[in-house]
Amino acid sequence: MHIFHTFLASLLTKSWGERMIVEKCIIVEGRSDKLNIEPIFAEDVQIICTNGTISEDALLDLLEPFEECRFYTLFDADKSGEKLRKLTKRIYSEAVHLFIPRTYIEVANAPKKVLAQLLNEASFSVHKQYLSS
-13 MHIFHTFLAS
-3 LLTKSWGERM
7 IVEKCIIVEG
17 RSDKLNIEPI
27 FAEDVQIICT
37 NGTISEDALL
47 DLLEPFEECR
57 FYTLFDADKS
67 GEKLRKLTKR
77 IYSEAVHLFI
87 PRTYIEVANA
97 PKKVLAQLLN
107 EASFSVHKQY
117 LSS
């Protein structure tokens, strides 16, 4: 597991060896969620994928390299998402939980305009093209 943490830490390091400060980390369930929200951000945000249901130990290991970040969650509006939200609340009570409208159920299926509005309201910098007029 140490090699994995070293690899993740290296992702946050500039080529000159100084640590890049990423203040916000958003935790999502899967790659398709990440791909849907990634282009919306107009700031550096670390997007962390749990790849579905995850144990408490695995979540701790996954988030350990990013302990300096302010954590946000954006999970699906289903049982799996609720389970992850409860687990995250228990482990990182300071995390901010964002909720997609139940209409879309999955983050991956939510329109970018809806996600941009949600992220903007949570004080993320988003590209204006995704905000509704």
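When we follow the numbering used here, the leftmost residue of the sequence shown carries the number -13, and every step to the right adds one. Note that beta-carbon positions come from the ideal geometry of N, C-alpha and C, so glycine has one too. Quantities reported herein were computed from a predicted structural model and do not represent experimental measurements.
Residue i in three-state terms, based on DSSP
i, result
"R76", "helix"
"L84", "strand"
"V112", "strand"
"V8", "coil"
"I91", "coil"
Own chain, CB closer than 7 Å to residue i, minus 5 neighbours either side, in chain order
i, result
"G38", "E15, G16, S66"
"I26", "K98, L101, A102, L105, V112, H113, Y116"
"D120", "As displayed, the chain neither begins before -13 nor continues past 119, which places residue 120 out of reach and without an answer."
"L84", "Y58, T59, L60, L104, A108"
Pick from the options that is closest to residue i, judged by C-alpha positions
i, options, result
"I40", "S118, T74, V100", "T74"
"T36", "L49, S109, E80, P87", "L49"
"E147", "E68, D19, S79, I12", "Given a span of -13 to 119 for the chain in the structure shown, any question on residue 147 remains unanswerable."
Beta-carbon gap between residue i and residue j smaller than 7 Å
i, j, result
"Y90", "A102", "no"
"K10", "R71", "no"
6 Å CB neighbourhood of residue i in its chain, flanking five on each side removed
i, result
"V82", "Y58"
"A96", "I86, Y90"
N-terminal and C-terminal residue of the beta strand (DSSP E) that residue i is part of
i, result
"L117", "Here L117 belongs to no beta strand (DSSP E), and DSSP marks it neither H nor E."
"V31", "31 to 35"
"Y58", "56 to 61"
Start and end residues, alpha helix (DSSP H) containing residue i
i, result
"D19", "17 to 23"
"D64", "Taken as a continuous stretch (DSSP letters only), D64 belongs to no alpha helix (DSSP H), as it is neither H nor E."
"E42", "42 to 49"
C-beta neighbour in chain D for residue i, strict 7 Å
i, result
"L60", "Of the protein chains in this structure there is only one, and it is not chain D."
Other residues of its chain near residue i: CB distance less than 8 Å, five sequence neighbours each side excluded
i, result
"Q32", "L(-2), V8, K10, C11, I12, F52, C55"
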